[in-house]
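*Asks:* The structure under discussion is supplied below as structure tokens; questions concerning it will follow.
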Amino acid sequence: MEEALAVVLFVGAIALVAIDRIHRTIIAACGAALVVLLGLISQEEAVLAVDWPVLGLLAGMMILVWGADQAGVFTWLAITAGRASRGHPVALMLLLTGATAGLSAFLDNVTTVLLIVPVTIAVAATLEIDPTPLVVAEVVASNLGGAATLIGDPPNIIIGSATGLSFVDFLVNVGPPALLAYGVATAYLLLVSRRSLVPERDRVARLRMLDPRGDLGSRREVVIAVGCSALTVLGFFLHGALGLEPATVALSGAALYLLLARPDIDRALGAIEWPTLFFFVGLFVMVGALEANGALDRVTDALRDATGGNQVAQVLGIAWGSALASGLVDNIPFTTAMVPVVDELAAAGGGTVLWWALSIGACYGGNLTLIGASANLVAAGAMERSGQRISFLRFLRFGVPATLLSMAVGTAWLLLLTAVS
Amino acid sequence: MTDPALADLIRPVEPLRPGDTLAAAARRMVAAGCALPVVDERGRFRAVLSEEDLLRALVPGYISDLHRSGFLRGDAPELFRHAHEAAARRVADLVLPERDVLEGDCSESHAAGIVIHSGLSAVPVVRDGRPVGIVRALDLLDALAR
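From first to last, the protein sequence lines stand for chains A and B.
Mapped onto our numbering, the consecutive letters of the first sequence carry residue numbers 1445 to 1865.
Mapped onto our numbering, the consecutive letters of the second sequence carry residue numbers 5 to 150.
This is the structure:
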């Protein structure tokens, strides 16, 4: 009875998040309150179910990103990329999406899209070309770039915290396929949209009117923001060797930035997306209730039976199942619920490759539909405010082929990892 | 000298209607020098149209989305073209945020509080669901600083 109730509440919460009529944080908070009040998980277990390092990592990075944004670093990067293209469609697409993928590897995808997309629309407006292919390609690049590192996308943060796999482990095992998948998906998007990206010759000269240094802060501001971010990234590379949690690295970097930059503390802490953190808290408690009542054991057994314990079948099932699920529902609750399942399968002989399958599927699947990832909806909102609508179907025309191509790359990589493991 | 009562600070104003174009709304706003109340077809108060709301509606969306716009050094080629096209839209097409208004008889202190927290250049005074006037931030400032 308790098990069924926990499942109904969790599935109901995911469905409500997908419908998007009530804010996802409110849904998660109510779900968490209900599972505790109904006795599906004890209060003590609920506190223990929350993965605090995930929250610490997110909060630390949000402060650092805010600092770099205050110093105008991201605008400088996007405008420099746009100008360096000299209006050439291939260069424009590669430079803007390359910058997006690179930033997304270290920043939250939504933040990256919020920073890059309006600047891209400004570049497209200057060149008088359709911004849609560029923006869609940036969304795809953002979701794939985020898949490359431990800190780039919430599913990876959740997996990293649950497993103790290091930043370098992620970079080595999911970095190369993310880079390849970005290349393949971007090549496809370029192929189908290159004609709409060719500006009139006289428009190219107007790129000079976009000044990359126009929003750059003082040398001191830039040095502190970039220096603290670079030190933090260095810390991520070394955290395994130093025995530090990624959260410790991120929060230490943020503390150093606050000490050196001395920003208005209310504004700096206001940059932390508290609704996102509370969403995580609610989910962790709800998944804790699923776990405490044995519901996830049942999923594990079903997966084991369906695959007959075959490792390749498990890898393919987890990767493609995760991609499909993440294309339709929020990949954060999905990954959170899958962690105990994959943990058991991996320990029972599936090996670490199952974690990479979950990572690749959950991250790449975000490109499948417009609702597959928050970054997609944020980009569509920005486009709509500029009078360009990206409908669900229009996104599908780009998203489905891009996801299939990137998942094909990811699958080949996973099979290679399985073969050598 | 007696202190001015809130009633003395209320200016009568012709509210904007759903069918008004943004061009007409802009002209009326410039003439009034402040934000204006919006009513529905039956004359009932619906929202406040602020200068910021109108600017957001007239400029290309990416400009208000940009965290920083200092890199835009030249004239945006489509800025005035977009504004010209957007000016033909109707007030009813805008999604305006909910804002506090002054209702019934209220104190000067409450009015000051509402003006400060709304950030509006003028706050409508609403009685029985209909706007009877506005209290401009500048008029309040003038009365307080005199």
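The beta carbon of each residue, even a glycine, is placed where N, CA and C say it ideally should be.
Note that the structure is a prediction, hence the values are computed from the model and not measured.
1) Contact defined as beta carbons within less than 8 Å: I believe residue 1653/A pairs with residue 85/B. What is the distance between those atoms, to the nearest angstrom?
2) If you measure from the CB of residue 34/B, is any heavy atom of the ligand SAH nearer than 8 Å?
3) Does any residue of chain A bring its CB to less than 9 Å from the CB of residue 77/B?
4) Please give me, in chain order, every unbroken run of the alpha helix (DSSP H) with length at least 4 that falls completely inside the region 1714-1749 of chain A.
5) Please compile the residues from chain E whose C-beta is within a distance smaller than 8 Å of the C-beta of residue 1464/A.
6) Can you grab the Cα-Cα spacing for the pair residue 1779/A / residue 1602/A, in whole Å?
7) Alpha helix (DSSP H) containing residue 1438/A: first to last residue?
8) Have a look at residue 1839/A and residue 1833/A and give me their C-alpha separation to the nearest angstrom.
9) With respect to the alpha helix (DSSP H) encompassing residue 137/B, which residues constitute its N-terminal and C-terminal limits?
10) Could you tell me which chain A residues have their CB closer than 7 Å to the CB of residue 72/B, listed as they occur along the chain?
11) Using the beta-carbon of each residue, which ones in chain B are nearer than 7 Å to residue 1565/A?
12) Look at the Cβ atom of residue 1587/A, then the Cβ atom of residue 1817/A, and state whether they are nearer than 9 Å.
13) Specify, as a first and last residue, the run of the beta strand (DSSP E) that residue 1635/A falls within.
14) When Cβ atoms are compared, which residues of the region 1609-1623 of chain A fall closer than 8 Å to chain B?
15) Take every Cβ of the region 13-28 of chain B, pair it with every Cβ of the region 92-101 of chain B, and state whether three or more of those distances are shorter than 8 Å.
16) Do residue 1756/A and residue 1859/A have their beta-carbon atoms positioned less than 9 Å apart in this structure?
17) Measuring alpha carbon to alpha carbon, tell me which of 1592/A, 1845/A, 1553/A, 1525/A ends up nearest residue 1564/A.
18) Taking 9 Å as the CB-CB cut-off, is residue 1641/A touching chain B?
19) Going by C-alpha distance, which of 1660/A, 1843/A, 1599/A, 1445/A is nearest residue 1821/A?
20) So which residues on chain A does residue 82/B lean against when the C-beta distance must stay under 7 Å?
21) Helix, strand or coil, according to DSSP, for residue 1769/A in the structure here?
22) Per the contact definition of three or more C-beta pairs closer than 8 Å, is the region 1725-1742 of chain A in contact with the region 1479-1494 of chain A?
*Replies:* Judging by the given coordinates:
1) In the first sequence, counting from the first residue as 1, residue 1653/A sits at position 209. In the second sequence, counting from the first residue as 1, residue 85/B sits at position 81. About 16 Å; that fails the 8 Å criterion.
2) Among the ligands in the structure shown, none appear at all, so the ligand SAH cannot be discussed.
3) In the second sequence, residue 77/B corresponds to position 73, counting from 1. So, interface residue.
4) 1718-1736
5) Protein chains A and B are contained in the structure displayed, whereas chain E is not.
6) Here residue 1779/A refers to the residue found at position 335 of the first sequence. Here residue 1602/A refers to the residue found at position 158 of the first sequence. If you draw a straight line from the Cα of residue 1779/A to the Cα of residue 1602/A, it comes to about 7 Å.
7) Because residue 1438/A is not part of the residues shown, which for chain A are 1445 to 1865, the question remains open.
8) Taking the first residue of the first sequence as 1, we reach residue 1839/A at position 395. Taking the first residue of the first sequence as 1, we reach residue 1833/A at position 389. Each residue's alpha carbon lies about 10 Å from the other.
9) Taking the first residue of the second sequence as position 1, residue 137/B is located at position 133. Segment 134-140 is the beta strand (DSSP E) holding residue 137/B; no alpha helix (DSSP H) there.
10) Translated into positions along the second sequence, residue 72/B becomes position 68. Here the neighbours are 1516, 1519, 1659.
11) As a working note, residue 1565/A is residue 121 in the first sequence. Within chain B, the residues placing a beta-carbon under 7 Å from that of residue 1565/A are 66, ordered along the chain.
12) By one-based count along the first sequence, residue 1587/A stands at place 143. By one-based count along the first sequence, residue 1817/A stands at place 373. A contact, by the Cβ cut-off of 9 Å.
13) Residue 1635/A sits at position 191 when you count from the first residue of the first sequence. Not the beta strand (DSSP E): residue 1635/A falls in the alpha helix (DSSP H), residues 1611-1637.
14) none
15) yes
16) If you number the first sequence from 1, residue 1859/A lands on position 415. If you number the first sequence from 1, residue 1756/A lands on position 312. Yes, they are a contact pair.
17) Position 120 of the first sequence, counted from the start, is the residue given in the question as residue 1564/A. When only C-alpha atoms are compared, the closest one is 1525/A.
18) In the first sequence, counting from the first residue as 1, residue 1641/A sits at position 197. Not an interface residue.
19) As a first step, residue 1821/A is located in the first sequence; it is residue number 377 there, counting from the start. Answer by Cα proximity: 1843/A.
20) Counting from 1 along the second sequence, the entry for residue 82/B is found at position 78. Neighbours of residue 82/B on chain A, chain order: 1569.
21) Working through the first sequence from its first residue, we reach residue 1769/A at position 325. Reduced to three states, the DSSP call for residue 1769/A is helix.
22) Touching, yes, given that three or more Cβ pairs across the two stretches are closer than 8 Å.
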